[in-house]
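Asker: Got a structure for you, written out below as structure tokens; questions coming shortly.
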Amino acid sequence: MAVYHNSSAIANEIRAKRNILRERYGGMMTLTDLMEELGYGSRISARKAVVAMGIPATQVGRMKKYDTDVVARRLVELRGMC
């Protein structure tokens with residue numbers, strides 16, 4: 017669990033990022049969506065980055081998908097704003 021120095025500012029940033037991602041991708045993101053969002057051209061590199069960031073995948077049928085809210089939170093946390 018991250019410790020926030022300015023929790024209201026962080027919460028606002030997370031909310032804003034979550035709203036942007038939900039508008040673009042809905043509630044769940046595919047690896048292709050994450051590739052676009054993170055700027056990766058390779059599925060292998062994107063998958064390694066997602067694992068390194070600690071974003072858990074959820075198995076949905078044959079595909080692994082990523083919760084948009086979790087992705088938004090991790091991206092804001094990793095910006096160095098915490």
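The opening position of the sequence shown corresponds to residue 17 in the working numbering, with each subsequent residue numbered one higher. Where a beta carbon is used, it is the ideal one built from N, C-alpha and C, also for glycine. Since we're looking at a predicted model, the values are computed, not measured.
1) Assuming D85 contacts R34 (C-beta within less than 8 Å), just tell me the rounded distance between them.
2) Which whole-angstrom value is the C-beta distance of K81 and M51, which I expect to be below 8 Å?
3) By Cβ distance below 6 Å, which residues in the same chain neighbour Y56 in space, the five residues on each side in sequence not counted?
4) Return the CA-CA distance between I30 and A88, expressed in angstroms with no decimal places.
5) Determine the DSSP secondary structure at Y41, reduced to helix, strand or coil.
6) Pull up the CB-CB distance for R90 and I71, whole angstroms please, since I reckon it's below 8 Å.
7) Alpha carbon to alpha carbon, how far is L54 from G43?
8) How close, in whole Å, do the beta carbons of V92 and I26 come, if the pair is a contact with beta carbons under 8 Å?
Answerer: On the basis of the data shown:
1) So it is a contact: roughly 5 Å between Cβ atoms.
2) Contact check for K81 and M51: beta-carbon distance about 13 Å, past the 8 Å limit, so the pair fails to qualify.
3) Only residues of its own chain outside the window of five on either side were considered, and among them A62 have a CB closer than 6 Å to the CB of Y56, listed in chain order.
4) The straight-line gap separating the alpha-carbon atoms of I30 and A88 is approximately 6 Å.
5) In the three-state scheme derived from DSSP, where H, G and I count as helix and E and B as strand, Y41 is classed as helix.
6) Contact flag correct, Cβ pair sits at about 5 Å.
7) The alpha-carbon atoms of L54 and G43 are separated by roughly 17 Å.
8) About 7 Å separates the beta carbon of V92 from that of I26, a gap short enough to meet the 8 Å contact definition.
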